[in-house]
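Remarks on the structure that follows.
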Amino acid sequence: MQLAHIPRVSRSSFASLALRLSLDMAAATAAGAAATAAAVSLIACYILLHKSRAKLSWFPTVGFSRASGRRVRRRGLVEAIGNTPLIRINSLSDATGCEILGKAEFLNPGGSVKDRVAVKIIEEALESGDLVYGGTVTEGSAGSTAISLATVAPAYGCRCHVVIPDDAAIEKSQIIEALGATVERVRPVSITHRDHFVNIARRRALEANKLAAAQRESSEKQTNGLTHVDSEMLDDKLAVMQRESNKMQNGGPAHVNTEFSHCGKCDVNSDSKGGFFADQFENLANYRAHYECTGPEIWKQTKGNLHAFVAAAGTGGTIAGVSRYLKEKNRSIKCFLMDPPGSGLFNKVTRGVMYTKEEAEGKRLKNPFDTITEGIGINRVTKNFMMAELDGAYRGSDREAVEMSSSSAMNCVGAVRVAQDLGPGHTIVTILCDSGMRHLSKFFNEQYLADHGLTPTATGLEFLDK
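So this is what it looks like as structure tokens:
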């Protein structure tokens, strides 16, 4: 399918507006930049919904009373999560002859698809007793999950401590801190290193648990000299947790850490209720959030009339939950992975081997991947990704993502690739993960793109034919 002569369809009016505003932000203060980013996000959402609603039947009636036509009131922030609209992406649909639909997850309260995951993880942890009211949820995240946890945790009476790589877009840290969470920025290293941001987050939960136990013991001794905490049992439990941490770091018994340093709000003077490591990569609550909610919503909104689903993967929860649910409803629905540069999942899906050329030749320039996209791509198979049912995979590039001009660009590129292979007349669904608000300093920053040799030049979708 040739797309070279299609006029300016890859850059919507709101994306262009965001780009122009971001250039003016170069000399602005941090506060001014944040305000401008928020304004761009609101304008983007308004224009997208205003232009889409009148033209298509995919805009859902969920959230409205069919009898009265009035909007159904939702109680609190948590109930506002999910039931996001399925929007026809007019430019891509018109260009390919397919119906390309995007699940508008950027309309969740926390601004991304990860809101669903945050709620599921916290609710299951509270139910199991692994997290208590007033406890601290810790997580290592490149941004979106951290923002969602910081948004949702207070609704459950919990605090949040986030460890984030320091090469992530600065907007993400600013948002997390504004939401009241503790942010710990660390240098990017391999997942096998004890100081990888995920491994540090795991240790922070252990530290909070030990601090809480020490405070309980001190309190019990003060109120009743005969009451003692079974320290032997506590040490055994902590030892088990530490062994699990070590397995995740390097698959072996090395790097045993028996010291619990205090960091951030976890100090001796705080009233600690313990910590819980969200573990979005391996916690199957992630997968269940999408199997139980996102997948069924897509099925209902399309009335089961879809031919394919495509999405990128980071933790693997979204693509696993949605693909498995859709496959159970109709085995003929094709589900595909869209993988960024440097990630090994493409080869895992297509060849059965976790392998990347960049790793083999020692050419990786940065960690975790040689890509400007954030939150997607990985070089290990997570428990969540193992639940996915996929028919194939596509490899994307940073050039394609930038030319598509969207924070969900890689998914949009994947949707076009699927449309090209299936041909006109098919319905394809993808995920619009978050808004461009979190990527102004990268995706919409002229200097940043120029420094990486990614200055946009396309006037249409011709870059997809290269």
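Just add 247 to the spot in the sequence shown (first one is 1) and you have the numbering used here. We put the beta carbon where it would ideally sit given N, CA and C, even for glycine.
Between the CA atoms of K547 and S338 - distance to the nearest angstrom: 24 Å
Is it buried or exposed for N552, if we count other Cβ within 10 angstroms and need 16 for buried? exposed
Proximity of A428 and V399 at Cβ, strictly below 8 Å: no
Would S359 and C680 be called neighbours here (beta carbons separated by less than 8 Å)? yes
Spatially closest choice to E326 from I347, F353, R363, G344, by CA coordinates: R363
Cα-Cα separation between A455 and D668, rounded to whole angstroms: 51 Å
Tell me whether E575 is buried or exposed, calling it buried when 16 or more other Cβ atoms sit within 10 Å of its Cβ. exposed
Which partner residues does L584 have in the DSSP bridge list? A558, A640
Could you give the first and the last residue of the continuous alpha helix (DSSP H) run that contains E431? Here E431 belongs to no alpha helix (DSSP H); instead the beta strand (DSSP E) covers 429-433.
According to DSSP, is V399 helix, strand or coil? helix
Mind checking whether L348 and T674 have CB atoms under 8 Å apart? yes
Per DSSP, S375 forms a beta bridge with which residues? In DSSP, S375 forms no bridge with anything.
For G670, is the classification buried or exposed, using 16 other Cβ atoms within 10 angstroms of its Cβ as the cut-off for buried? exposed
Going by CA-CA distance only, name the one from E370, A635, A560, V600 that's closest to L396. E370
Check whether the stretch 411-427 and the stretch 585-593 are in contact - that is, three or more C-beta pairs closer than 8 Å. no
Indicate whether R535 and D586 have their beta-carbon atoms separated by less than 8 Å. no
Around the C-beta of F353, are 16 or more other C-beta atoms found within 10 angstroms, so that it is buried, or is it exposed? buried
Would you mind sorting G672 into buried or exposed? The rule is 16 or more other CB atoms within 10 Å of its CB. exposed
Proximity below 8 Å, CB of R432 to CB of I447: no
Pairwise C-alpha distance: Y403 and E608: With a pLDDT of 42 at E608, under the threshold of 50, the modelled position of this residue cannot be trusted, and the question is left open.
So the beta strand (DSSP E) C407 belongs to, where does it begin and stop? 406-412
What does a CB cutoff of less than 6 Å around E346 pick up in its chain, not counting 5 residues either side in sequence? S340, T674
Does the separation of the CB atoms of K367 and A560 fall below 8 Å? no
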